[in-house]
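Numbering (my numbering), first residue to last: 43 to 257. Using N, Cα and C, we set each Cβ at its ideal position, and we do this for glycine too. Source: prediction; values computed, not measured.
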């Protein structure tokens, strides 16, 4: 069943999340975006009434504050306790191996992710990435790619259908056709489906209300 993830990227988002009455399946704490508000996050996280996904995005895949691998490792280890999932980019699995190992010992699920804001790779390339994610014991493989053309959307849909029986896939589009892609991917069984608090913030995103309707 497709699940809803609400993304928290600011102190204002955090305050809104604490007030939410209709809760999502998960809150994602974007620790890179929340870098200047980490003490506030630490105080508030126990009061959030939905399971947590923690991530500190790599700078090359949209991460903020240009965090080093050591900074990302340390902040993820700091916020792992109490999390349901940790999300680490496929490119960072070697340098963040201690985080993956700690998550495994604590029974915290692992999302291995890939973000390409420039293009959608071929179905074969995406399948190879999913295989690499499975090799590092991913519980979910998340992929977000640029979908400016119908063929980009078709690739994501084909990839989702190809891999869904092997490993849970969370897939989403960015760019001109991102909104259409996200709706179709939800309907085809994308495992985790992300929305901001309030209105869409990047091209191709669905608002929280729109994502609820899609699911």
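#### Entry: Nearest neighbour of residue 242, chosen from 51, 108, 203, 127 [CA to CA]
51
Practice task
Locate the alpha helix (DSSP H) running through residue 222, then write down its first and last residues.
Solution key: 220 to 229
Looking only at its chain, what residues have a beta carbon closer than 6 Å to the beta carbon of residue 236, apart from the 5 residues adjacent to it on each side? 47, 49
Discussion item. I'd like the span of the beta strand (DSSP E) that includes residue 141, first residue to last.
Written reply: Where residue 141 is concerned, there is no enclosing beta strand (DSSP E), although the alpha helix (DSSP H) it sits in stretches over 139 to 148.
Checklist entry - Taking the continuous beta strand (DSSP E) assigned at residue 213, which residues delimit it? => result 211 to 216
key: Candidates 253, 199, 77: closest to residue 116 by CA position   = 77
Report the partner residues of residue 156 according to the DSSP bridge assignment. 185
Excluding the five sequence neighbours on either side, which residues of its own chain have a C-beta within less than 8 Å of the C-beta of residue 226, listed in chain order?
195, 199
Practice item. For residue 70, count neighbouring Cβ atoms within 10 angstroms of its own Cβ and tell me buried if that reaches 16, exposed if not. Key: buried
If I measure Cβ to Cβ from residue 228 and keep anything under 7 Å in the same chain, skipping five residues before and after, which residues do I get? 44, 235, 256, 257
Practice problem: Give the secondary structure of residue 197 by DSSP, where H, G and I count as helix, E and B as strand, and everything else as coil. | Solution: helix
Assuming residue 60 and residue 90 are in contact, meaning their beta carbons sit under 8 Å apart, how far apart are those beta carbons, in whole angstroms? 7 Å
CB residue 223 to CB residue 215, shorter than 8 Å? yes
Range of the contiguous alpha helix (DSSP H) that encloses residue 117
111 to 121
Practice prompt. Assign residue 101 to one of three DSSP states: helix, strand, or coil.
Written response: helix
Residues bridged to residue 45 (per DSSP): 234
Boundaries of the beta strand (DSSP E) in which residue 106 is found, first to last residue:
First-last for residue 106: undefined, no H or E at that position.
**residue 108 classed as buried or exposed, judged by whether at least 16 other C-beta atoms fall within 10 angstroms** = exposed
Cβ-based burial, residue 208 [other Cβ within 10 Å; buried from 16]:
exposed
What is the DSSP secondary structure of residue 131, reduced to helix, strand or coil?
-> strand
Looking at C-alpha atoms only, which residue of 168, 245, 181 is the closest neighbour of residue 219? 245
Discussion item. From the DSSP secondary-structure annotation, give me the bridge partner or partners of residue 70.
Written reply: 49, 95
Between the beta-carbon of residue 152 and the beta-carbon of residue 179, is there less than 8 Å? yes
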